[in-house]
Every structure is written in C-alpha cells, then in structure tokens.
Amino acid sequence: GQQVMQIPQYQHVQEGEDFTTYCNSSTTLSNIQWYKQRPGGHPVFLIQLVKSGEVKKQKRLTFQFGEAKKNSSLHITATQTTDVGTYFCAGPDYGGSQGNLIFGKGTKLSVKP
Amino acid sequence: DVKVTQSSRYLVKRTGEKVFLECVQDMDHENMFWYRQDPGLGLRLIYFSYDVKMKEKGDIPEGYSVSREKKERFSLILESASTNQTSMYLCASSFGTPPGEQFFGPGTRLTVL
Chain A
1 GQQVMQIPQY
11 QHVQEGEDFT
21 TYCNSSTTLS
31 NIQWYKQRPG
41 GHPVFLIQLV
51 KSGEVKKQKR
61 LTFQFGEAKK
71 NSSLHITATQ
81 TTDVGTYFCA
91 GPDYGGSQGN
101 LIFGKGTKLS
111 VKP
Chain B
1 DVKVTQSSRY
11 LVKRTGEKVF
21 LECVQDMDHE
31 NMFWYRQDPG
41 LGLRLIYFSY
51 DVKMKEKGDI
61 PEGYSVSREK
71 KERFSLILES
81 ASTNQTSMYL
91 CASSFGTPPG
101 EQFFGPGTRL
111 TVL
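Listed in order, the protein sequences are those of chains A and B.
Quick note, the first sequence lines up with residues 1 to 113 if you use the working numbering.
Quick note, the second sequence lines up with residues 1 to 113 if you use the working numbering.
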C-alpha cells in the first residue's frame, strides 16, 4: 500500500548546527504537509507544498517539494532549543476516502545548548 | 481561534471497562479523525469520519468503534479496554477534499491497568 517514509528517525544536534529531515512517498502526491509536535504537545500544521519543485521559507525553516512530487525535505538553519520536537510529513491517502492523510513516522530533533 | 477539544487529558481505566473518548471541534469541519500515538510508531489512524453518521476504518480499527451523531463531535469507544490500548489518543479535524490542514486536539493519555 501507499507509504510515506521519513529519515532520520532521530537527530541530535548542537545548538547552531543545521538540521534536515527527508520525506519520501511511494506514490506521487498532489501536495505534502509538514507538522511539528513539541514534547508533551500535539502536532501543529507548519506548511503545505503543492507545486513541483516548490520551495517555501518560514524564517529559519526551508521546505522543498521534489520535482517528481514524491519527496520533500525540511531544513532548519542554525537550530535553536525552541526547534526541539518531532517533525512529521504527511500526504493525501489515495487508497482511502477523501480527506485522509498518511503521516510519516516523524523525525525527533533534540538540540543541545 | 480554531479549536479541537478532547474530554480528558489523562485517563486511567481497568481492563475490561468500556471507555469513551470525546472530541469536539468548533470549525464546522467535515472530516474528523482518531489517531493513537506510540513511541517509534508515529501517528496511526484508527477511524475517521467525513460526514455525520459516516465512518471509515483506518489502519488499526480492531478493538475500537466510533460514533458521529453531530458534525462537531466524534467519539472513540473502547468496548472492552485492554492493556495494549494504553496510549496517547489524538483527535483531529479538517475541511473536506482535497485533504487540508488537520487541526489536532491536545490528546488523551489513556492508561489501562
């Protein structure tokens, strides 16, 4: 069945270092979404990418959608302790009914001050 | 401010008990979802609903049922709780198709003894 895979599962960085998480889909996606879950919190929507090759920035966060619309990445420049959390990507579930997303397992980021 | 609320933040139940988890959203969303989240396993979809009285099984529906009698409310029912259902349960909602941003509730941490 359709799968969304994320790597790495965990990433430990020193504050100030950069961080990247990668998301790969087994199928072409019409869009991809990214969420962040802080420790003890719930997932919160960050952004949606729709176009092939799209790049969007939110301050130190850069999101990319691959040309084939099967992969995506989230890059954080100069991490801060506030970036700690788990980052999930998600794409539409074409095997199920409308409205459903398939989430990757997430990348858990820890930042050492 | 959009809101998804869940009836309890923490819940402790005994094996064999019937458990009700309630979720309410105030955004007039068509879609509502129940996930469980366990370390290393990401977000796993239990059930979702795209309209009142409509429901569809997700990836792990066994041992669970749902009810959606009103648009704003989606209930998850554990007919006979078991220890392997100890988990964090997250409710989410979104507008219809194509799959839009999902808004998550704060979660219910359920412990079954």
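Note that CB positions come from ideal geometry on N, CA and C, so glycine has one too.
None of the values given here were measured: they were computed from a predicted structure.
{"Query": "Distance check for residue 69 of chain B and residue 48 of chain A, CA to CA, integer angstroms please.", "Result": "31 Å"}
{"Query": "Relative to the C-alpha of residue 77 of chain A, which residue among A:19, A:107, A:4 and A:54 is closest?", "Result": "A:19"}
{"Query": "If the cut is a Cβ gap below 9 Å, which residues of chain B does residue 48 of chain A touch?", "Result": "100 and 101"}
{"Query": "Give the interface partners of residue 33 of chain A over in chain B, defined as CB-CB distance under 7 Å, in chain order.", "Result": "101"}
{"Query": "Give the residues from the region 9 to 36 of chain A that approach chain B closer than 9 Å (Cβ to any Cβ), ordered along the chain.", "Result": "9, 30, 31, 33 and 35"}
{"Query": "Closer than 7 Å by beta-carbon distance: list the chain B residues that pair up with residue 101 of chain A, in chain order.", "Result": "99 and 102"}
{"Query": "Who are the Cβ neighbours of residue 81 of chain B in its own chain at under 7 Å, not counting the five residues just before and after it?", "Result": "13, 15, 16, 17, 19 and 112"}
{"Query": "Please report how far the alpha carbon of residue 54 of chain B lies from the alpha carbon of residue 67 of chain A, in whole angstroms.", "Result": "36 Å"}
{"Query": "Residue 3 of chain A by DSSP, collapsed to three states: which one?", "Result": "coil"}
{"Query": "Who are the near neighbours of residue 9 of chain A in its chain, counting only those whose CB is closer than 6 Å to its CB and skipping five residues on each side?", "Result": "none"}
{"Query": "Do residue 30 of chain B and residue 105 of chain B have their beta-carbon atoms positioned less than 8 Å apart in this structure?", "Result": "no"}
{"Query": "Starting from residue 44 of chain B, trace the beta strand (DSSP E) in both directions and tell me its first and last residue.", "Result": "42 to 49"}
{"Query": "Is it buried or exposed for residue 64 of chain B, if we count other Cβ within 10 angstroms and need 16 for buried?", "Result": "buried"}
{"Query": "Assess, as a yes-or-no matter, whether the region 37 to 48 of chain A is touched by the region 82 to 89 of chain A under the definition of 3 or more beta carbon pairs within less than 8 Å.", "Result": "yes"}
{"Query": "Which class does residue 85 of chain B belong to by DSSP, given the choice of helix, strand or coil?", "Result": "helix"}
{"Query": "On the criterion of 16 or more Cβ atoms from any shown chain inside 10 Å, does residue 69 of chain A qualify as buried, or is it exposed?", "Result": "buried"}
{"Query": "Run down chain B in chain order and give the residues with a C-beta less than 9 Å from the C-beta of residue 39 of chain A.", "Result": "Per Cβ cutoff of 9 Å: no residues; residue 39 of chain A is ~12 Å from chain B at best."}
{"Query": "How big is the Cα-Cα spacing for residue 125 of chain A and residue 46 of chain A?", "Result": "Because chain A spans 1 through 113 in this model, residue 125 of chain A falls outside it and cannot be assessed."}
{"Query": "State the DSSP-derived secondary structure class of residue 82 of chain A, mapped to helix, strand or coil.", "Result": "helix"}
{"Query": "Going along the region 51 to 74 of chain B in order, which residues come within less than 7 Å of chain A, judged by CB to CB distance?", "Result": "56"}
{"Query": "Can you tell me the Cβ-Cβ gap for residue 23 of chain A and residue 71 of chain A, rounded? I've got them flagged as a contact below 8 Å.", "Result": "6 Å"}
{"Query": "If you reduce the DSSP assignment to three classes, tell me which class residue 104 of chain B lands in.", "Result": "strand"}
{"Query": "Show which residues of chain B have a CB atom less than 7 Å away from the CB atom of residue 75 of chain A.", "Result": "Within 7 Å Cβ-Cβ: nothing; residue 75 of chain A doesn't reach chain B, min ~21 Å."}
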